[in-house]
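Asker: Chains as they are written, first to last, in our numbering: chain A, 27 to 235; chain B, 27 to 235. Okay, here's the structure, questions in a sec.
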DNA sequence: TAGCACTTGAGAATAATTTAACAAGTTTTA
DNA sequence: TAAAACTTGTTAAATTATTCTCAAGTGCTA
C-alpha cells in the first residue's frame, strides 16, 4: 500500500538498498528474497518489506524480488534518472576532491560550474567543470536552472551565502560546512555532511564500548 | 538519572549540542535554558533535557545550564579531551583535503601517519603528517597504539584492507569508501561517511517536496 | 523577606518505528 | 499433478523515541 508521507528513517535507508542492489547486479544475481537481502545487509526481512511497501509492490510471492527491476525502481524513487543541475561554491581541497572523484552523473546530477574567490584557479577547470569568480555567481544562477548548490566554503560565510542563494531561488543545498544552515521556508532542503560530528560519534563509541 | 545504554539517536545529537554550545561560548553567553537552546537548535526543550539526563544532571532549576560547563561536560562525554591516535590510509584528493583542513586536534585526535601506494608522495608529508608506503603499515601499527584508521582508499580494496587491519588489532574505522564495512566482532566500530547516500537523500527530497 | 516567574529532571502519555504473524499466492519437487 | 517449501504485503503487536506534565527547587523583584 503506497504511503503518502515517507519517514526520514525510510528515506535514509533507500540509498543503502540501492547500493546493495547495484552490487548484487554486478555479481550477476537475478532474484533475491527479503530474507536473503536482510542477511546480506544485516537488517530484518520485515523492515525491508515494510520499507518497500511504502512505494509500491515490487516483489512476487514465492519468488522474491527481481534484482535489476528492484534496483531500477529504487533508483527511480531516489531520482537517479532525473537530470538535476548542480553548482559548487568553494573549490578548496575538498571541493577539488569532490569534483575529481565523486560520481555525480551516477546519482543523476550534472555539475555545470564551480565558483571560487581565488584568482589562481578562476578561469581554469577541474574535471571538465569550469571555475568562475564569485562575481559571476548571481548572473549564472539567473541564466541557468540550478537545483542544488554544494557548499564547500569556509564556515564563517556559510549562512550568509546560503541566505543570498535562497533569495536567488536556490532550494537545495549539499552542505559540507560545519554549521547548521536553516531557512524559514520548509521548501528549502539542506543535506549536511558534518565530518566532525561523524568522527565524534566514533570517538564516543570507541571510548564507551 | 544516568542511563546504562544510550541510544544511537541520542549519541548522534551530542556533537550538534557541542557545536551549538561552542558557538554560544564564542558569543559570550554564560547561561542558557533548555527552552532557549531548543529554539536556537529547532528541537524541543523536552528532548534536550531528556538527552542530557542520560549522562547526569548538568543544570539547575530556575537557572538553566552554565554554557561553558555544559560544553565541557558534553565534550568530555564525546571524548574530545581524550588523546586518540589515528592514521590515514589513502592520501588521494580526499585524504589530502582532510589532512589539510580537518581540525583533528579539536576533536581529540592526533594524526600520527598516513599511508599510500603512490611513490610520488611517499616520503613527503602533508600538514606535518608523514606519508609512508603501504609496506610500512603493519610494522607501524605493531609499534604504535592506533585507535582509529581513516579509510580514504578506492572502494574495491576497502573490505580486504579493513579485515587485515582488524587482524592487526584495529578497532575503529572512519570509513569514506562507498562500501558497507562489517566485522563479526561487535567490538569493532565503523563510522561511515557515504557521500552518495547523502546526495541521494537530497535528490529524493527535492524531487518529492 | 515573600511572592512570582523560571527551570530542571523524572515519570507518564503519546507517537513513531521496528518486528512478528499470517493469509494468499508462486515455485519447486517428487 | 499434488504437496511441500517459499515468499510477499499487510495488519497487529512490541519496542523505542519523543513530547507532555508537574513536583521541587532557584533566582529575581518589590
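Glycine included, every Cβ here is placed at the ideal spot set by N, Cα and C.
Are the stretch 170–186 of chain A and the stretch 195–204 of chain A touching by the rule of at least three beta carbon pairs closer than 8 Å?
Answerer: As far as the Cβ criterion goes, the stretch 170–186 of chain A touches the stretch 195–204 of chain A, which means the pair count is three or higher.
Asker: Quick check on DSSP: helix, strand or coil for residue 54 of chain B?
Answerer: Three-state result, residue 54 of chain B: coil.
Asker: For a test of the three-state rule: what should DSSP assign to residue 26 of chain A, helix, strand or coil?
Answerer: In the structure as shown, chain A starts at 27 and stops at 235, and residue 26 of chain A therefore has no counterpart that could be examined.
Asker: Look at the alpha carbon of residue 65 of chain A and the alpha carbon of residue 130 of chain A, and state the distance between them as a whole number of angstroms.
Answerer: Taking the straight line from one Cα to the other gives about 30 Å.
Asker: So, do the stretch 114–125 of chain B and the stretch 116–127 of chain A have three or more beta carbon pairs nearer to each other than 8 Å?
Answerer: The stretch 114–125 of chain B vs the stretch 116–127 of chain A: in contact.
Asker: List the residues that DSSP assigns as beta-bridge partners of residue 111 of chain A.
Answerer: BP columns for residue 111 of chain A point to A/136.
Asker: Could you tell me which chain B residues have their CB closer than 9 Å to the CB of residue 213 of chain A, listed as they occur along the chain?
Answerer: Those are 235, listed as they occur along chain B.
Asker: I'd like to confirm the pairing. Which residues does DSSP put opposite residue 68 of chain B in its beta bridges?
Answerer: In DSSP, residue 68 of chain B forms no bridge with anything.
Asker: Would you give the residue range spanned by the alpha helix (DSSP H) that residue 198 of chain A belongs to?
Answerer: First-last for residue 198 of chain A: 198–201, but that is the beta strand (DSSP E), not the alpha helix (DSSP H).
Asker: Looking at the structure shown, is residue 103 of chain A part of a helix, part of a strand, or coil, going by DSSP?
Answerer: Three-state DSSP puts residue 103 of chain A in a helix.
Asker: Using 8 Å for Cβ pairs, my map puts residue 81 of chain B next to residue 28 of chain B. What's the rounded Cβ distance?
Answerer: Sure, about 6 Å apart at Cβ, within 8 Å.
Asker: Against chain A, with Cβ distances strictly below 8 Å, would residue 230 of chain B count as a contact?
Answerer: Closer than 8 Å to some Cβ of chain A, the Cβ of residue 230 of chain B qualifies, so yes.
Asker: Out of B/235, B/135, B/147, B/115, which has the shortest C-alpha to C-alpha gap to residue 141 of chain B?
Answerer: The option with the nearest alpha carbon to residue 141 of chain B is B/115.
Asker: Using only alpha-carbon positions, find the residue among B/78, B/145, B/62 that is nearest to residue 39 of chain B.
Answerer: Nearest C-alpha to residue 39 of chain B: B/78.
Asker: Is the CB of residue 170 of chain A under 8 Å away from at least one CB in chain B?
Answerer: So, not an interface residue.
Asker: Going by Cα to Cα distance, which pick from B/88, B/111, B/192 is closest to residue 164 of chain B?
Answerer: Nearest option by C-alpha distance: B/192.
Asker: Would you call the CB atoms of residue 158 of chain B and residue 100 of chain B closer than 8 Å?
Answerer: In this structure, residue 100 of chain B does not lie closer than 8 Å to residue 158 of chain B by Cβ.
Asker: Using a Cβ-Cβ cut-off of less than 8 Å, give me the residues of the stretch 103–116 of chain B that come near chain A, in sequence order.
Answerer: Per Cβ criterion, the list reads 103, 104, 105, 106, 108, 110.
Asker: Starting from residue 159 of chain A, follow the beta strand (DSSP E) in both directions and report where the run begins and ends.
Answerer: Counting along the chain, the beta strand (DSSP E) containing residue 159 of chain A begins and ends at 155–159.
Asker: Could you check if residue 53 of chain B is buried or exposed, using at least 16 other CB atoms within 10 Å of its CB as the buried criterion?
Answerer: Result: exposed.
Asker: Let's test the definition: count the other Cβ atoms within 10 Å of the Cβ of residue 41 of chain B and tell me whether it reaches 16, buried, or not, exposed.
Answerer: Buried, by the Cβ-count rule.
Asker: Using beta carbons (cut-off 8 Å, strictly below), is residue 137 of chain B in contact with chain A?
Answerer: Judged by the 8 Å Cβ criterion, residue 137 of chain B is not in contact with chain A.
Asker: Check each residue of the stretch 167–198 of chain B: if its Cβ is closer than 7 Å to any Cβ of chain A, include it; give the result in chain order.
Answerer: Per Cβ criterion, the list reads 173, 174, 197, 198.
Asker: Closest to residue 232 of chain A by C-alpha separation, out of B/50, B/107, B/213, would be which residue?
Answerer: Among B/50, B/107, B/213, the Cα nearest to that of residue 232 of chain A is on B/213.
Asker: Give the range of the alpha helix (DSSP H) segment to which residue 216 of chain B is assigned.
Answerer: It is not in any alpha helix (DSSP H) - residue 216 of chain B instead sits in the beta strand (DSSP E) that spans 215–218.
Asker: Do we get a CB-CB distance below 8 Å when we pair residue 150 of chain B with the residues of chain A?
Answerer: Closer than 8 Å: no.
Asker: I think residue 104 of chain B touches residue 89 of chain A, with their Cβ atoms under 8 Å apart; what is that distance to the nearest whole Å?
Answerer: About 47 Å separates the two Cβ atoms, so there is no contact after all.
Asker: Should residue 182 of chain B go down as buried or exposed, given a rule of 16 or more other Cβ atoms within 10 Å for buried?
Answerer: Residue 182 of chain B is exposed by the Cβ-count criterion.
Asker: Checking contacts by CB at 8 Å: is residue 78 of chain B closer than that to chain A?
Answerer: With 8 Å as the cut-off, residue 78 of chain B does not count as an interface residue toward chain A.
Asker: Quick check on residue 227 of chain A - is its C-beta less than 8 Å from some C-beta in chain B?
Answerer: Yes - at least one Cβ of chain B is within 8 Å of the one on residue 227 of chain A.
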